[in-house]
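To keep things clear, I will list the structure first and then write my remarks on it.
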Amino acid sequence: MKILIIGTGYVGATTAMVFAEIGWQVTGLDIDAGKIQRLRQGRLHFHEPGLEDMIAKHVKSSRLQFTTDKETAIKEHDVIFLCVGTPSLPDGSADLRYIGQAAKDIGRSMKGYKLIVTKSTVPVGTQEQIKKWIAAAQQEAIPFDVASNPEFLREGKAVEDALRPDRIVIGTDSQRATEQLQRLYSSFVCPWIITKPRTAELIKYASNSFLATKISYMNELAKLCDELEVNVKEIAEGMGLDPRIGSSFLQAGLGYGGSCFPKDVSELVMTSRKHHVNLRILEGVIEVNRTQYTYLLDKARLRLGGFAGKNITVLGLAFKPDTDDIREAPAIRIIDQLLLEQANVQLFDPIAALPGHASYRAVKVCSSAEEALRGSEAIILCTEWPEFGQLDWKKAKRLLRQPNFFDGRNMLDAKRMRGIGYYYQGIGGDH
Ligand code: UDX
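Residues are numbered in this note's numbering as their position in the sequence shown, beginning at 1, plus a constant of 686.
Structure representation (structure tokens):
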């Protein structure tokens, strides 16, 4: 079986690497000629630890190829994975235009049986819709199957997550498709769920929304912890030892960001509304996350007596460490607000960059944490990059105008920071 991957973003590039790694012949297809050009040279267009080396290895071995020629690629491949983006529309529902375009391209160009598999996160019912799109685009009736195989990889950990998944979820309505997918993944040792397409589609949304719920719950609890002078990190530790709860995703902070959680939670709420079901918990999860970044800003504003004319250091821009992705990053909202209130923003992130908008021209983008700390009146830590934990904060204090530290990720030790003379505040984590 020859595998075609349509879309070479995070999910597509990683999926292509995984199938090449386990021995299949893989082609990555994208409409962006620049991306394809780089990938052909074994270079990635985004930062993901370890992925570029793996891609380069398989480009060299010729097990992995890249093309922009969709017609030939569709004709020549038996199994087609859809890994294109499904961004949010203004109302919060998923925009399926790229999925629709790929389905039409497949319908138009296919000459024999194809198995089409969605890896992109798509709303419940999309498998049925894709079938209609393909059938409508065909000139003559040629058999095909459409299956759902959601991807659960995390950015920053894409290689390890994709090579050692904790489960493989396959939604199909065809025996032939099931058998082909079992063959494709036969070298993976992990639990399998083989189910209806709608179930597979919903498992993905339900999983991400549940994780987002854990985070918003802890973020709310953190505010209560502040009032009760209790450390939310200890609460999380105590809760996490219960295997029914689990210790991950209990870190309070500035709120969740990234390309998945915000859009997936919104889409699930939209789907539930369409079906006249009120998912009140998720409405609450969204609302908590929408305003979470203001919690620490309010504390900082109070401490400084306003931001106007003050030098504020923002440490970290990416929505989480080990990525250059700034989509829905809380740091962006914080910078926007600081600029609105006429602060002088001094920013450092090890790899992520601000968008090129004119509005960010006022931000002083620094090439080291030390540079960003010089003359600062308050530090707001937005991303828990390990190097911020390793910095010599005692020495760094000499660079500051005022040692005010607002830790948006509860990363540093409150007692230690106070011991060396900082005014330190976290989010429920500084007691
Ligand atoms: C997520 C899912 O984990 C993954 O399974 C899915 O396929 C895609 O979406 P990702 O977006 O890469 O992956 O990020 P993740 O590591 O899950 O973190 C999401 C956000 O939650 C980040 O902004 C992170 O800072 C925040 N977070 C995470 C918390 O605020 N607290 C936590 O305890 C964990």
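Ideal Cβ placement from N, Cα and C applies to all residues, glycine included. Fair warning: this is a prediction, and the values are worked out from it, not measured in the lab.
Residues near residue i in its chain [Cβ-Cβ closer than 6 Å; skip 5 each side]
| i | result |
| --- | --- |
| Gln-1029 | Rather than Gln, the amino acid found at residue 1029 in this sequence is Ala. Within the same chain, Ala-1029 has close Cβ partners Phe-993, Lys-996 and Ile-998. |
| Thr-754 | Ala-719 and Ile-722 |
| Arg-884 | Val-810 |
| Glu-837 | Val-697 and Lys-805 |
| Trp-639 | This structure cannot speak to residue 639, because the chain is shown only from 687 to 1117. |
| Gln-813 | Val-832, Ser-834 and Pro-883 |
| Glu-757 | Ser-795 |
| Thr-881 | Gly-857 |
| Arg-840 | Asp-847 |
| Phe-895 | Before going on, a small fix: residue 895 reads as Ser here, not Phe. Excluding residues within five positions, the ones whose Cβ falls inside 6 Å are Val-951, Leu-954 and Leu-968. |
| Pro-773 | Asp-781 |
Simplified DSSP assignment, three categories, for residue i
| i | result |
| --- | --- |
| Ala-780 | strand |
| Gly-714 | strand |
| Gln-1032 | strand |
| Leu-1109 | The sequence given here places Tyr at residue 1109; Leu does not occur at that position. Three-state result, Tyr-1109: strand. |
| Val-974 | helix |
| Gly-857 | strand |
| Glu-1004 | First, the amino acid is wrong: residue 1004 is Ala here, not Glu. Here Ala-1004 sits in coil by DSSP. |
| Lys-1081 | helix |
| Lys-688 | strand |
| Ala-833 | strand |
| Lys-1093 | For clarity, residue 1093 is Asp in the given sequence; the question names Lys instead. Here Asp-1093 sits in strand by DSSP. |
| Phe-732 | coil |
| Ile-792 | helix |
| Thr-807 | coil |
| Val-765 | strand |
| Thr-701 | helix |
Alpha-carbon to alpha-carbon, residue j and residue i
| i | j | result |
| --- | --- | --- |
| Arg-729 | Gly-720 | 11 Å |
| Lys-743 | Glu-1027 | 49 Å |
| Glu-987 | Asn-975 | Glu is not the amino acid found at residue 987; the sequence shown has Arg there. Those two C-alpha atoms are separated by around 20 Å. |
| Asp-636 | Ser-872 | Absent from the structure is residue 636, since the part of the chain shown begins at 687 and ends at 1117. |
| Ala-788 | Val-803 | 12 Å |
| Asp-791 | Arg-850 | 32 Å |
| Arg-783 | Asn-905 | 34 Å |
| Lys-1006 | Ala-1039 | 13 Å |
| Leu-983 | Asp-912 | 15 Å |
| Leu-936 | Ile-921 | 9 Å |
| Arg-1118 | Phe-1074 | The structure shown does not extend to residue 1118, since the chain is modelled only from 687 to 1117, so the question has no answer here. |
| His-1043 | Leu-1025 | 13 Å |
| Ala-1015 | Lys-797 | 44 Å |
| Val-916 | Ile-901 | 18 Å |
| Asp-1093 | Met-1103 | 11 Å |
| Gln-861 | Tyr-1110 | 60 Å |
| Trp-1079 | Pro-1041 | 29 Å |
| Ala-759 | Gln-751 | 11 Å |
| Phe-830 | Glu-707 | 26 Å |
| Val-918 | Ile-816 | 45 Å |
| Val-1049 | Leu-990 | 19 Å |
| Pro-1072 | Arg-1095 | 12 Å |
| Gly-1114 | Phe-947 | 23 Å |
| Glu-865 | Gly-695 | 27 Å |
| Met-925 | Ile-879 | 29 Å |
Contact test: residue i Cβ vs ligand 1 heavy atom, cutoff 8 Å
| i | result |
| --- | --- |
| Phe-830 | no |
| Met-904 | yes |
| Gly-771 | no |
| Asn-894 | yes |
| Ser-945 | yes |
| Arg-840 | yes |
| Ile-879 | no |
| Gly-695 | no |
| Glu-953 | no |
| Ala-938 | yes |
| Asp-1022 | no |
| Glu-707 | no |
| Gly-941 | yes |
| Phe-935 | yes |
| Lys-746 | no |
| Phe-1005 | yes |
| Lys-900 | yes |
| Leu-897 | yes |
Chain-order list of residues whose beta-carbon lies under 7 Å from that of residue i (same chain, five-residue window excluded)
| i | result |
| --- | --- |
| Ala-1017 | Val-1000, Gly-1002, Leu-1003, Cys-1068 and Thr-1069 |
| Cys-876 | Pro-851, Asp-852, Arg-853 and Ile-854 |
| Trp-819 | Gly-786, Ala-789, Lys-790 and Gly-793 |
Contacts around residue i, its chain only, beta-carbon distance under 8 Å, and the 5 residues preceding and following it disregarded
| i | result |
| --- | --- |
| Thr-899 | Ile-967, Leu-968 and Val-971 |
| Val-821 | In the sequence on display, residue 821 carries Ala and not Val. Within the same chain, Ala-821 has close Cβ partners Gly-793 and Ala-827. |
| Arg-1013 | Gly-943, Gly-944, Ser-945 and Phe-1005 |
| Gln-825 | Arg-794 |
| Val-845 | Thr-700, Met-703, Glu-734, Pro-735, Gly-736, Leu-737 and Met-740 |
| Ser-1054 | Phe-1034 |
| Pro-1036 | Trp-1071 and Glu-1073 |
- Evaluate contact between the stretch 946-954 and the stretch 765-779, counting only Cβ atoms and requiring at least three cross-stretch pairs below 8 Å. yes
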